Amino acid sequence: MPSVSRYRTWLAVPADEIEDLKKAHPPMNGHTPVIWDKEHKLWFARPGADLSRLDRWLPRPQDVSMNGSDPVTEFAQVLENAGLVLKELPVMDGKIHRVPT
């Protein structure tokens, strides 16, 4: 059974998959089911679109960190998991810093 959107549903579409997105769903009553929002610069599915056809581009909240930790601390954990040795929290200044491994 298809999952039909009741509201505008935002989609996460990489630039190289736009044509695949456009082909994934047939027109609905003569209208395209997916539209580019110029203001938000995001693709969305119109209300009534079959979301099961667009599942590949639905946002996956579970893929985003929701542990509520501080971003600097979380970044430090990722660096340590990659084998870097940190003596203090990373400096978030946009520059490359050397650390031992």
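Be aware that the sequence shown starts at 1, since it is given in the UniProt record's numbering, and climbs by one per residue. Quick reminder that beta carbons are idealized off the backbone N, C-alpha and C, glycines included. Owing to the predicted nature of the structure, the values given are computational and were not obtained by experimental measurement.
Assuming residue i and residue j are in contact, meaning their beta carbons sit under 8 Å apart, how far apart are those beta carbons, in whole angstroms?
i	j	result
VAL34	LYS22	7 Å
MET28	ALA15	The Cβ separation is near 24 Å, so there is no contact.
ALA45	SER5	5 Å
LEU79	PRO71	With a Cβ gap of about 12 Å, LEU79 and PRO71 do not count as contacting.
HIS25	LEU54	6 Å
VAL85	TRP43	In fact, because the Cβ distance is near 42 Å, the residues do not count as touching under 8 Å.
Could you give the first and the last residue of the continuous beta strand (DSSP E) run that contains residue i?
i	result
THR9	9 to 11
Could you tell me the boundaries of the alpha helix (DSSP H) in which residue i lies?
i	result
GLU88	Counting along the chain, GLU88 falls outside any alpha helix (DSSP H), and DSSP gives it neither H nor E.
THR73	71 to 81
Taking C-beta to C-beta, are residue i and residue j nearer than 8 Å?
i	j	result
ARG98	PRO47	no
Discussion item. Report the start-end ranges of each beta strand (DSSP E) in the region 5 to 65 that is 3 residues or longer and not cut off at the edges.
Written reply: Fully enclosed beta strand (DSSP E) runs of 3 or longer: 9 to 11, 34 to 37 and 42 to 45.
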